[in-house]
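In this text, residue positions in the sequence shown follow my numbering: the first is 954, and each later residue adds one.
C-beta: ideal position from N, C-alpha, C; glycine also.
Just so it is clear, the structure is predicted and the values come from calculations on it, not from any experiment.
Shown next, in structure tokens, is the structure this report addresses.
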Amino acid sequence: MAKKTRDSWGSRLGIIMAVAGSAVGLGNFLRFPVQAAQNGGGAFMIPYFIALLLVGIPLMWVEWGIGRYGGGFEHSTAPGVFHSIWRKNRFIKYFGVIGIFGPLVIMIYYTYIESWTLAYSFFSITQKYAAIGDQSTMQAFLRGFQGLEKNAFFSSIAPAYTFFLITFVVNMVVLNHGIRGGIEKFCKFAIPILFVFAIVLVVRVLTLGVPDITRPTWNITNGLGYLWNPDFSLLKSAKVWLAATGQIFFTLSVGIGVILTYASYLKKGDDVALSGLMAVSMNEMAEVILGASIVIPAAFVFFGPVAIGDIANSGAFNLGFVTMPLIFGKLPFSEILGFLWFGLLFLAGVTSSVSLAQPAVAFLEDEFNLTRKKAVSIFAVATFTLCNGAIFFLGKGVVDELDFWGGTFCLTVFATVEVILFAWVFGIDKAWEEMHHGADMRIPKIYKFIIKYVTQTFLLVILGTWFFQEWLPIIAMKNVPAETSGYILATRVGLLLLFLVLAVLVKIAWRKRKLNSSVIEG
Ligand code: PFF
């Protein structure tokens, strides 16, 4: 069989931008502020930074390290990478399936939400929602758009479907151009633009002052205070720690196989230590500085200290797609501000969703020796079909279900497996050497200890706590309303089937490889 040449990154800046692109996403601007506001404000930042230092940063280095190592054996995805690390174990490649399955599950709903941001950029510029001035009408606009109800604004889901199609095609075009020509190029263009958009919005929010002089306490200082003043009593709650750790995983895109795939396109002598840290820093800047300074402070200034609690509890979608358009509507140049906000989310979304797609595409390319175009085509047909579930059954809780299994469960399990593999099976001394090969900085020695003992203990405690507290109610679907339980069950069966299909593909790929190598040896 003719071997294709492996794709690679064009420059160091390129991979840093791509990893930062994967990390900076809807999670930074929507998920983070809501998580922080709901979980103790300033106090949330304590478990958040602890999780960043003990789990996030170590996992980033581990994924860059094992990804580049696996790339040396022409593997870009977790089944092959894990197998390269632990050759004697026949089962470890099946754990690696999570590294394709997890990103795919997230991609199925993430791309759909991303397409709303494109639609709303368009609606902002064309002033489609400009006349709406109250929460419930703006909510109706969103529900109409999502196809959850027919109303004066939307009579069908067709507009949402059209924007989804466009978004999906944009993603596939970027993927079709490969690592260097597609993902790297797109991220190098999108990341600076989205930072500029975000900075403009932050400046606008911070200069809001006191929009209503009859309510002088509804000001920006108190708005920032709402997010940052700590409520330390919440630190005793396991839920807050889980939420903070979950946010670190989600925002950094670590623990799911995506960064591992990106790093596999590095060359052996390329730096991973400093580059990994730079990508983390860019993400944290976008999250803690920019993400935290837009939605919550703006909503506080316009809706006040009482309503803000309900707004934050109404979730990230409401905040992003209902509250923000209402706020922009009260300001001059509302259509431009709306465009900047949703345009920013769209660019942040695309640079993340292509990273979610790449493991599955790379798996088809590497393990079945397909051309990139063929791999992208097969991937496009399969994923497009699956996305319809998220689109048409949004109101039945399917998206939350996918988010739980892909974005929480798979992530924690995969992260635990990869750290144990690297630190214990590969061995921490070898792992340390691997991470420093070609490195432009020395990782502080304490991290050798952290990676070997602390990161996985932290992960195992979280997994254990979660298992004892929530496993039974989740499996028994205790908190699922009766009207949607059929849909949730169907989603679970679908996910199980998807996992099995991927596991069977891994089995077939390995059998083929074995046959090929025995033909060559014979
Ligand atoms: N980090 C992205 C965000 O903050 O929106 C989401 C994400 C992308 C999660 C890629 C996981 C992943 F593998």
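- Taken through DSSP and simplified to helix, strand or coil, P1011 comes out as helix.
- M998 is positioned such that its CB atom lies no closer than 7 angstroms to that of A1226.
- Restricting attention to L1448, K1398, G1262, the CA atom closest to the CA of Q991 is found in G1262.
- Counted as a single uninterrupted DSSP element, the stretch harbouring F982 is not any alpha helix (DSSP H), since DSSP gives it neither H nor E.
- Residue pairing by DSSP places P1183 opposite G994 in a beta bridge.
- Counted as a single uninterrupted DSSP element, the alpha helix (DSSP H) harbouring R1096 occupies residues 1088-1098.
- Following the DSSP letters along the chain, one finds G1302 inside the alpha helix (DSSP H) bounded by residues 1287-1321.
- Not one heavy atom of ligand 1 sits closer than 6 angstroms to the Cβ of G1020.
- From the listed residues L1451, E1318, R984, the smallest Cα separation to F1202 is found for R984.
- With 6 angstroms as the limit between CB and the heavy atoms of ligand 1, the residues that fall short of it are S975, A976, G978, L979, G980, N981, P1056, I1059, F1203, T1204, S1206, I1209, V1211, S1305, S1308, L1309.
- Beyond the five residues adjoining it in sequence on each side, L1323 comes within less than 8 angstroms, by CB distance, of L1317, I1331 in the same chain, given in chain order.
- The stretch 1236-1250 and the stretch 1392-1401 do not touch, with fewer than 3 CB-CB distances between them shorter than 8 angstroms.
- A residue is called buried once 16 or more other Cβ atoms fall within 10 Å of its Cβ, and N1271 is buried on that count.
- Cβ neighbours of R1168 within its own chain (closer than 8 angstroms, five residues either side excluded): G1257.
- In the three-state reduction of the DSSP assignment, E1102 falls in the coil class, being assigned neither a helical nor a strand state.
- According to the DSSP assignment, A1216 belongs to the alpha helix (DSSP H) that extends over 1211-1216.
- A straight-line Cα-Cα distance of about 9 angstroms links T1408 and A1368.
- The continuous alpha helix (DSSP H) containing K1138 extends over residues 1138-1159.
- Linking V1058 to V1454 through their CA atoms gives a straight-line distance of about 14 angstroms.
- In the displayed model, S1234 falls within a helix according to three-state DSSP.
- Apart from the 5 residues on each side of it in sequence, F1035 sits with its Cβ closer than 7 angstroms to the Cβ of I1045, K1046, F1048, G1049, L1374 in its chain, given in chain order.
- Comparing C-alpha distances from L1154 to each of G1131, M970, E1102, L1298 shows the shortest one belongs to L1298.
- In this structure, A1313 is the residue among A1313, S1077, T1338 with its C-alpha nearest to the C-alpha of A1328.
- Separation of the CB atoms of T1365 and G974 is rounded to 24 angstroms, and the pair is thereby denied contact status at 8 angstroms.
- Nearest to I1152 by alpha-carbon distance, out of F982, L1347, L1188, D1353, is F982.
- Put simply, the stretch 1352-1364 touches the stretch 1443-1462. At least three CB pairs are less than 8 angstroms apart.
- By the beta-carbon neighbour count (other beta carbons within 10 angstroms, threshold 16), W1424 is exposed.
- Counting along the chain, no alpha helix (DSSP H) covers H1390, and no H or E run does either.
- The closest CA to that of H1028, considering only W1014, G1052, P1011, L1012, is found on G1052.
- Collapsing the DSSP output to three states places Y1082 in coil.
- In the DSSP annotation of this structure, the continuous segment of the alpha helix (DSSP H) that includes N1124 starts and ends at 1111-1129.
- For G1360, the closest C-alpha among the options K1383, T1204, A1343 is that of T1204.
- Annotated three-state conformation of S1077 is helix, per DSSP.
- Separation of F1274 and R1096 (C-alpha to C-alpha, rounded to the nearest whole angstrom) is 10 angstroms.
- The DSSP-derived three-state label of G963 is coil.
- Of R1021, V1207, G995, the smallest CA-CA separation from P1011 is found for V1207.
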